Every structure is written in C-alpha cells, then in structure tokens.
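Here is the structure we will look at, set down as structure tokens.
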Amino acid sequence: MNNDTATAPPRRSFAALRHPGYRGFFFAFAGAMMADSIEHVISYWIMFQKFQSNALGAFAVVSHWLPFLLLSLPVGALADHFDPRRLIQIGMVIFMGVSVAWGALFLTDTLEMWHAMLLLTLHGIAGVLWTPSSQVLLHHVVPPEQLQSAVRLNATARQLGMLGGPAIGGLLLMIFGPSHGILLNALIYVPTIVWLWKAPYSRVTAGQGPPRRALLSVSDVTSTLRRISSHPVLLAMILLSGGASFFIGNAYLPQMPDFARSLGHVDADLSYSVLLGADAVGALTAGFILESRGWLQPNPRTAMILAILWCGALAGFAMSSFYSLAVLLLFIAGFMDLSFNSMAQTLVQLNAPADIRGRVLGVFSMMALGLRTFSGVTVGLMGAAIGIHSSLALSALALVALSALLLVRSSRS
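In the numbering used here, the protein residues as written are 10 to 422.
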C-alpha cells in the first residue's frame, strides 16, 4: 500500500466530476435522492398528523430497511450478472408508482394504516434495487484512480438530494398541498430513468471474463462471507457500518415531528424543514470541503473516530431543549455521518475482490443499510416506551462502545 501511495498521481479536487460520464451519474442520482426525500417529508408528515403513532414511524424504518437486510446480497449477485442500469430503472419505476399511490390516497382522503404500511414496504424494495446496483455501476463509470472521489461525491449527491428534499418538500406542502405535491414529485424520477437508458456502460469489465451466474447457493454465500472475514479492512468497515445501522441508522428522521414538537415547533413550516435538513446541510458541507481539499483520506481508524464523534453529536441533539442548539448538533452529526460512512464505503469498494464485487457490496449494503431495520426498534419502538430522546441517546452510547472496541482491536493489530 505504501508503494501505491508513493507512485499515485497528485490528488485533484473533485476528480470524478472531471469525468463526463460521472457528471451525469452525479446529477441524475442527486435528483432521484431528492425525490425520495420529498416523498418522506410529505408522507411522514401526513402519517403523523393522521395516526399520531410513534409505532408507525418505527414501522416506516423497519419496512424501508428490511428489504436491504433480506435482498441486498441477491441483488448484488444480480448486478454481477445483469446490467445494473436495468435493475436501477426498475427501482425508479417502483418509486414513481409509490408516489402516485400516496397522491391518490391523499386526494380521496382514503388513507388507512395498512395502505401506509404497504407503500412504505414497496418503497424499501425499490431502494434495495437501486443501492447495490449503483455501487457496482460506479466501477464502470469512472476509472479505478477516481473511485475514491466518486464514492465520496456519490455520498455528497445523496446528501444534496436529502437537503433539497426537505426544502422542496416543504415548499410543495405549503404551495400545492400534500396530494398534488407528492404527485408532482413522481416526475422527478424521470431524468434518472432516461439517463440510465442511454448511459453507454457495459456490465463486463475488460479482462475479467464473463460474469458469474446470478443465482446464489449456500456455498456462494459462505464463500463470500469467508473471504470478507479473512480481510481485516473489509471486516472492520462492514462491522462499523453495520453497528451504525443497527443502533441508529436514520431512525430519528421519521420521529422528527415529535422532536420538533418538543422543541416548540408543531407546524409544517420553515422551522420544521430546517430541522429536517440540518444534518443534510452538514453532510453536504463535509462532502464539498473534504473533496475540494483532499482531506481525510481513507483509513479504518479515522473512520472509527469519526463514528464516535457522530454519536456524540446525536446524543447531544437528543437531549437538547433549545432549537438553535439542536440544529447545530444535527449539522455536526451530518458532517461526521458523511465523513465516516463515505470513508467506510470507499475502503470496502477499493478492497472488494473484482470477481465477487457485487456480492461484497451486497453484504456491505445488507449491513450498512439492512440493519437499519433494527434501528426502528432501538430508536423507534424503544422511544415509544421510554421517550424518543432517551432512546436515541442510549443508542448513540451503544454505538460509541462498539466503535471504541473496533478502534482498540485495530490499534492492537
């Protein structure tokens, strides 16, 4: 690794964006992420107003991430075999259908809890078709020397979409209302579908031969897990991301109306949108600063320290009773979130063996996203029992303990 570092070309700011193909990837996926976020803003608000249920907020987390837990590895195997662009397009069409269904139910005032549960689950299935496939596609969009930049910019695109989501979602709520707002949102997925249709990338990398079969056997799964466990960097980053997903994930976002109410803001106004978007602003800031300056190069121990700082910011937010302090702490949390998560994903993508890349990225998605299923329990359902503030703070402390353990293990090795 030292020799590679010594012979590497000088770092360039926003290196991947200098590649014309990646620019299309960046803006198309930022738009899709924004549409995803807008749907959450509108649907979470209506669900909370109609049902006043923390348990339904917890189900929103479970149903969104359970497909990642169950399907990430099979989807990764499919991306090893089939064109990942087509898998992503299927996911985009499902996203559009879910937004249209929300809009129809809002217009007719016929939304029932089972409708919400079904649509939340379909949204999660669309997400798992999108995520591992886009990570595999990234290797065909940019050359290897630009992969690190592309991963971090991809995380920035995600946060750019999440930042635009609360802002535009709040405007759609105020100007058009939830029904027409979420119907308009369905159209935002169209540019991504069109870009994927014409993107000139092959699923077969030169020199690697034909892809492996898509169907998984027990031996495929055990072989993949065995190869991951024998690689210290892969194992550490997958465990770190899995722990962050299990204990916290993004389970506090569906509960944000409750946090807003405790901070004295009960209406769907600008203050609510600012609270929703504060950590996205922090993450976006991190992406642009770190990418422009070339700071925080991938290192497992650095990722663990950043994860601990993320936990500290979220615990402070959970216990804060001041709106301005809560916004500041969410901003810091967002900065740390993007920093350590993009670093972990970069290390996994750079170290994943090429012949099972889709499967390894499927395992990473299963851990980094699928285990968010249980954050709906640690934050959401436990919040219904002891209060959402206490449950988030305790979950953050549990992740601090795991990160510290991994840091000590890394130091010893």
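The C-beta atom is built at its ideal place from N, Cα and C for all residues, glycine as well. Bear in mind that the values here come from a model prediction, so they are computed numbers and not experimental data.
When the cut-off is 8 Å and only beta carbons count, does residue i lie next to chain D?
| i | result |
| --- | --- |
| Pro309 | Here there is only one protein chain, and chain D is not present. |
Please classify residue i as buried or exposed, where buried requires at least 16 neighbouring CB atoms within 10 angstroms.
| i | result |
| --- | --- |
| Trp304 | exposed |
| Arg418 | exposed |
| Leu75 | buried |
| Gly186 | exposed |
| Val203 | exposed |
| Glu48 | buried |
| Ser412 | buried |
| Gln61 | exposed |
| Gly270 | Residue identity check: residue 270 is Arg in the sequence provided, not Gly. The residue in question, Arg270, is exposed, as its Cβ has fewer than 16 Cβ neighbours within 10 Å. |
| Trp6 | The structure shown does not extend to residue 6, since the chain is modelled only from 10 through 422, so no value can be given for it. |
| Trp54 | buried |
| Asp92 | buried |
| Gly85 | buried |
| Gln306 | exposed |
For residue i, which of helix, strand or coil comes out of DSSP?
| i | result |
| --- | --- |
| Asp118 | coil |
| Pro153 | helix |
| Asp346 | helix |
| Asn163 | helix |
| Ile134 | helix |
| Ala361 | coil |
| Ile191 | helix |
| Tyr261 | coil |
| Asn308 | coil |
| Phe185 | coil |
| Ser280 | helix |
| His398 | helix |
| Asp89 | helix |
| Gly176 | Just to set this straight, residue 176 is Ala in the shown sequence, not Gly. Three-state DSSP puts Ala176 in a helix. |
| Leu303 | Here the sequence assigns Gly to residue 303, which means Leu is not the residue at that position. Looking at Gly303 - three-state DSSP - the assignment turns out to be coil, as it is neither helix nor strand. |
| Ala245 | helix |
| Ser333 | helix |
| Phe23 | coil |
| Gln61 | coil |
| Ser384 | helix |
| Leu129 | helix |
Measuring CA to CA, which of the options is closest to residue i?
| i | options | result |
| --- | --- | --- |
| Leu284 | Arg161, Ile257 and Leu338 | Leu338 |
| Lys207 | Arg94, His148 and Leu243 | Arg94 |
| Ile103 | His132, Met126 and Ala405 | His132 |
| Gly389 | Ala342, Ala260 and Ile365 | Ala260 |
| Ala245 | His49, Val372, Ile97 and Leu78 | Val372 |
| Val151 | Val70, Leu359 and Tyr198 | Leu359 |
| Ala44 | Pro241, Pro83, Ile197 and Thr119 | Ile197 |
| Arg381 | Phe340, Gly252 and Ala394 | Gly252 |
| Ile317 | Ala402, Phe383 and Ser238 | Ala402 |
| Phe344 | Leu192, Leu356, Asp267 and Ala312 | Ala312 |
| Ser239 | Gln306, Ala361, Asn350 and Lys59 | Ala361 |
| Arg393 | Gly33, Gly66, Ser52 and Pro29 | Reading the sequence as shown, one finds Ala at residue 393 and not Arg. It is Gly66. |
| Ser158 | Met376, His398, Ser351 and Ile365 | Ser351 |
| Asp423 | Met56, Ile237, Ile397 and Val409 | The structure shown does not extend to residue 423, since the chain is modelled only from 10 through 422, so no value can be given for it. |
| Phe68 | Gln155, Leu262 and Pro29 | Leu262 |
| Asn308 | Ile298, Phe349, Gly273 and Leu272 | Phe349 |
| Ser52 | Phe383, Pro266 and Gly396 | Pro266 |
| Ala64 | Leu408, Gly396 and Ala410 | Gly396 |
| His398 | Ala125, Asn194, Leu78 and Phe268 | Phe268 |
| Ser374 | Leu79, Asn194, His28 and Thr130 | Leu79 |
Closer than 6 Å by C-beta to residue i: which residues in its own chain qualify, once you throw out the five before and the five after it? Chain order, please.
| i | result |
| --- | --- |
| Ser22 | Ser301 |
| Met391 | Ser400 |
| Thr387 | Phe256 and Ser404 |
| Ala135 | Gly100, Ile103 and Phe104 |
So residue i packs on residue j, CB below 8 Å; how close in whole Å?
| i | j | result |
| --- | --- | --- |
| Thr233 | Val369 | 7 Å |
| Leu182 | Gly190 | 6 Å |
| Pro175 | Ser282 | 5 Å |
| Val137 | Ser81 | 6 Å |
| Gly170 | Ser280 | Contact doesn't hold; Cβ gap of about 22 Å is too wide. |
| Tyr242 | Leu356 | Looking at the sequence shown, residue 242 is not Tyr but Val. 6 Å between Cβ atoms; contact. |
| Leu347 | Ser254 | The Cβ separation is near 15 Å, so there is no contact. |
| Leu408 | Tyr332 | Incorrect: roughly 25 Å between the Cβ atoms, too far for contact. |
With a CB to CB cut of under 7 Å and the five nearest residues on each side skipped, what residues in its chain are close to residue i?
| i | result |
| --- | --- |
| Ser329 | Ala335 and Leu338 |
| Ser188 | Gly112, Phe115 and Leu116 |
| Leu248 | Leu415 |
| Thr201 | Ala37, Phe38, Gly40, Ala41 and Met101 |
| Ala88 | Leu96, Pro141, Ser142, Val145 and Gly367 |
| Leu293 | Thr165, Gln168, Leu169 and Leu172 |
| Ile99 | Leu138 |
| Leu128 | Val107, Ala110 and Trp111 |
| Phe340 | Ala287, Asp288, Val290 and Gly291 |
CB-CB under 8 Å to residue i, same chain, minus the five flanking residues each way: which ones, in chain order?
| i | result |
| --- | --- |
| Ser420 | Arg310 |
| Leu162 | Phe23, Ala25, Leu26, Tyr31, Phe35, Gly296 and Glu300 |
| Ala342 | Asp288, Gly291, Trp319, Ala322, Leu323 and Phe326 |
| Gly216 | A caution first: Gly216 carries a pLDDT of 37, below 50, which makes its placement in the model unreliable, though a value can still be read off. Nothing listed; no residue qualifies. |
| Ile184 | Gly190 |
| Val160 | Leu147, Ser351, Gln354, Thr355 and Gln358 |
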